[in-house]
Amino acid sequence: MMKHQKIVAGTIASIIALSIFSAVNEQPKSFNAGEPTGNAMVSSILAGEAQGKFHRMSAAVLSHGTVRFGGLGATPTDSFEIASITKVFTGELLRIQIERGDITESTTVGDVLGQRVSGFPIETVTMRELANHTSGLPRLGNVGIRPRLMPFFDKNPYANISVDHVIEASSKAQLSSRGEFEYSNLGYSLLGHVLAHNAHLSYAELLDRDLLQPLKLTDTTLMTPGSLSEEATPGYAPSGKIVEPWEMDGFLPAAGLRSTAHDMSIFSQYLLDKGLPAFTWQDNVEDPTIKWHNGESFGFSSMILISPTSDSAVFVVADVSESVMPIAEELLAAAQDIPREEDAHYG
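Taking this note's numbering, the leading residue of the sequence shown gets 3, the next gets one more, and so forth.
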């Protein structure tokens with residue numbers, strides 16, 4: 003019996019190893035980009051940078067209160083996964099609760115979750131530490147093997163991970179790098195659920211109440227299990243393979259949103275009008291006044307750039323998991339070059 007078990011285990015391990023080897027060695031596909039749509043300037047920049055890397059793309063370019071939409075095979079109301087840009091929404095939920103006096107940056111996880119985290123290192127971690135990725139929580143934590151194994155198969159890494167799993171994994175973490183920057187999906191997931199618990203709501207209910215409804219972001223939705231229709235825009239790996247959508251539960255506050263260029267233009271203008279919080283956003287290396295956040299799932303890539311000093315912003319998303327950063331930066335440069343008078347005439 004023992005010998006049989008070893009043979010079975012060895013066979014399974016060999017199959018997994020072979021599958022991983024095959025996945026890693028898949029060759030990139032050359033994509034045929036869709037037809038240009040919308041604003042000629044925006045769509046021409048997208049087309050010029052697509053270069054066989056992208057299939058469908060959608061973008062919004064904001065300048066002095068005017069928005070220009072452009073795309074390749076996509077309209078401003080087509081929905082795409084925006085992955086880690088979800089964190090920008092979660093960070094904004096934190097700012098809203100701070101402004102209302104419902105929570106502070108120094109409020110701890112223990113202050114909100116109480117006995118659930120009592121005696122664990124995570125108990126004393128503050129909201130600011132979670133929001134700035136300095137809590138010491140790792141990128142994923144001990145939530146099982148799926149998040150580490152599924153990337154090799156282009157499968158959803160966050161399926162079947164609950165809110166309880168996120169809290170448990172956060173409690174088990176030793177936080178040895180606390181105080182140092184360490185990008186953490188686990189940390190932002192915990193932050194979102196702590197904020198929801200503080201409001202006596204689920205994360206989905208909190209997001210809907212404080213952001214989606216007030217801003218009328220009607221096409222921005224959380225990918226809860228079973229929520230996507232068969233008509234939803236699929237995502238592609240660079241190899242050309244259609245990949246599994248990222249429907250999830252526990253990691254929703256870190257990576258669970260789908261949105262459109264239209265909705266993201268509204269959200270971007272809201273951020274330009276209100277100003278950015280002192281957390282969540284990354285600084286542009288060449289110009290620290292420009293703030294950014296990107297998102298990448300196994301089948302989508304997105305980026306949002308905000309330039310308060312030039313009153314401009316860009317959102318761009320593609321249905322292939324290749325970085326869109328160079329395209330977003332070129333679109334922002336174009337937006338910054340548009341005279342205010344031209345925007346007034348265009349609007």
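Just so you know, even glycine gets a beta-carbon here, dropped at the ideal spot from N, CA and C.
Among Ser204, Glu298, Asp339, Glu107, which one has its Cα closest to the Cα of Thr226?
Ser204
Using 10 angstroms around the beta-carbon of Val26, count the other beta-carbons present and answer buried if the total reaches 16, otherwise exposed.
With a pLDDT of 48 at Val26, under the threshold of 50, the predicted position of this residue should be treated as unreliable, though the coordinate-derived value follows. That one is exposed.
With distances taken between CB atoms, is the gap from Ala257 to Thr88 smaller than 7 Å?
yes
For Asn34, count the other beta carbons within 10 Å of its own beta carbon; 16 or more makes it buried, fewer makes it exposed. Which is it?
exposed
With distance defined between alpha-carbon atoms, name the residue in Tyr272, Ala171, Phe154, Ser299 nearest to Ser65.
Tyr272
Endpoints, alpha helix (DSSP H) assigned at Met327:
327 to 338
Taking the alpha-carbon of Leu278 as reference, which of Thr311, Asp251, Ala49 has the nearest alpha-carbon?
Thr311
If distances are taken between C-alpha atoms only, which option among Glu94, Phe154, Ser120, Ala76 comes closest to Ala49?
Ala76
Report buried or exposed for Ser24, applying the criterion of at least 16 other Cβ atoms within 10 angstroms of its Cβ.
Caution is warranted here: a pLDDT of 45 is assigned to Ser24, below 50, making its placement in the model unreliable, and the coordinate value is therefore given only provisionally. Exposed: under 16 other Cβ atoms inside 10 Å.
Which residues in the same chain as Leu177 place their Cβ atom closer than 8 Å to its Cβ, once the five residues preceding and following it in sequence are excluded?
Pro123, Ile124, Val127, Ser137, Gly138, Leu139
Pick out whichever of Asp285, Leu192, Leu333 has its Cα sitting closest to the Cα of Ala133.
Leu192
Taking just the CA atoms, how far does Gly40 sit from Pro1?
Residue 1 falls outside the range modelled here, since the chain spans only 3 to 349, and no answer is possible.
Look up Tyr238 in the DSSP assignment and say whether it is helix, strand or coil.
strand
Expected contact under 8 Å - CB spacing of Leu307 and Trp294 to nearest Å
5 Å
Inter-residue spacing [alpha-carbon to alpha-carbon] between Pro240 and Val326
13 Å
Taking His295 as part of the beta strand (DSSP E), name the residues at either end of that continuous run.
293 to 298
Contact with chain B by Ile100, beta-carbon distance below 7 Å:
Judged by its chain identifiers, the structure shown contains no chain B, having just a single protein chain.
Are Ala263 and Ser60 touching if we call contact CB-CB under 7 Å?
yes
Can you find at least 3 beta carbon pairs, one from the region 184 to 191 and one from the region 162 to 174, that sit closer than 8 Å?
yes
Backbone CA spacing between His167 and Leu142 [nearest angstrom]:
11 Å
Leu115 to Ile169 span [Cα, whole Å]:
9 Å
In terms of alpha-carbon separation, which member of Asp80, Gly237, Leu217, Leu219 lies closest to Phe302?
Gly237
What span of residues does the beta strand (DSSP E) with Thr68 cover, start to end?
68 to 74
Spatial distance of Ser21 from Lys31 (CA atoms)
Confidence at Ser21 is low in this model, with a pLDDT of 45, below 50, so the placement of that residue is unreliable and no value is reported for it.
Distance, Cα to Cα, Ser267 vs Ser46?
19 Å
Inter-residue Cα distance where the pair is Leu334 and Val145
38 Å
Identify every residue that forms a DSSP beta bridge with Pro227.
Its beta-bridge partners do not exist; DSSP assigns none.
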